[in-house]
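Below: the structure, in structure tokens.
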Amino acid sequence: MRRPVLVLNSTYEPVNICSTRRAVVLLLKGRAELVDTNGGLLRSERTSIPVPSVVRLNSYVRLPRAESRRLSRRAVLARDGYRCQYCGSTQHLTVDHIVPRSRGGTTCWENVVTSCALCNVRKGACLPAEAGMSMSRRPRPPSPGDYVLASQRVVPDAWRPYFEFVTA
Ligand SMILES: [Zn+2]
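Going left to right, the sequence shown walks through residues 1117 to 1284 as this note's numbering numbers them.
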């Protein structure tokens, strides 16, 4: 009962993670449908139901607009899965301005990425292309899924299809 369950919006976008107990309540109340199970069964006297691994809400939940999330070092690292977007390192992470501030780059979701200290130094005041570097993905405002992913040390395989970007 302690395994986390991925909760999807009615649009199949990850919303958050809840306990198995909470997911079962959502299922029994008809507020969510079972999408994937972890193979086990929960038994009561009268019935048994599969242990959920992924559930989907039956009605759409409005989430705060991602753009309105405060941009902070922590939030950028969480969005990027705590990995350098240039080389994949998880060590000595910093925030890099893609277009350097010295060249007019602003601090916005589209212009900041997680970078390890080495890549940050290597890139210096260059654009990534000038430094011969490329990013693993285009930065954007974070989605709720980024935070769901960042909160988990181990992401169950059954969850992976629901995340746009999964860092292996
Ligand atoms: Zn790096």
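All residues carry an ideal CB built from backbone N, CA and C; glycine is no exception. Only a predicted model underlies this, so the values are computations on that prediction, with no experimental measurement involved.
Quiz item: Does the distance from the C-beta atom of THR1210 to that of ASN1227 stay below 7 Å?
Solution: no
Exercise. Give a yes or no on whether the C-beta atoms belonging to VAL1141 and CYS1134 are separated by under 7 Å.
Key: no
Quiz item: Quick one: what does DSSP say CYS1134 is sitting in, helix, strand or coil?
Solution: strand
Quiz item: Taking contact to mean at least 3 C-beta pairs separated by less than 8 Å, is the region 1245-1260 in contact with the region 1198-1209?
Solution: yes
Practice problem: Would you kindly work out how many angstroms separate the C-alpha atoms of ALA1274 and GLU1246, rounded to a whole number? | Solution: 39 Å
Quiz prompt | Meets three-Cβ-pair contact criterion under 8 Å: the region 1254-1267 and the region 1147-1162 | solution = no
Self-check item: Own chain partners of ALA1241 with C-beta closer than 6 Å, once the 5 adjacent residues on each side are dropped
Solution: PRO1216, SER1218
Self-check item: CA-to-CA distance, THR1136 to PRO1120, given in whole angstroms
Solution: 6 Å
Quiz prompt | Proximity winner among ASP1212, THR1222, GLY1221, relative to CYS1232 (alpha-carbon distances) | solution = ASP1212
Exercise. Given a cut-off of 7 Å, decide if ASN1125 and ARG1147 are closer than it, judged by their beta-carbon atoms.
Key: no
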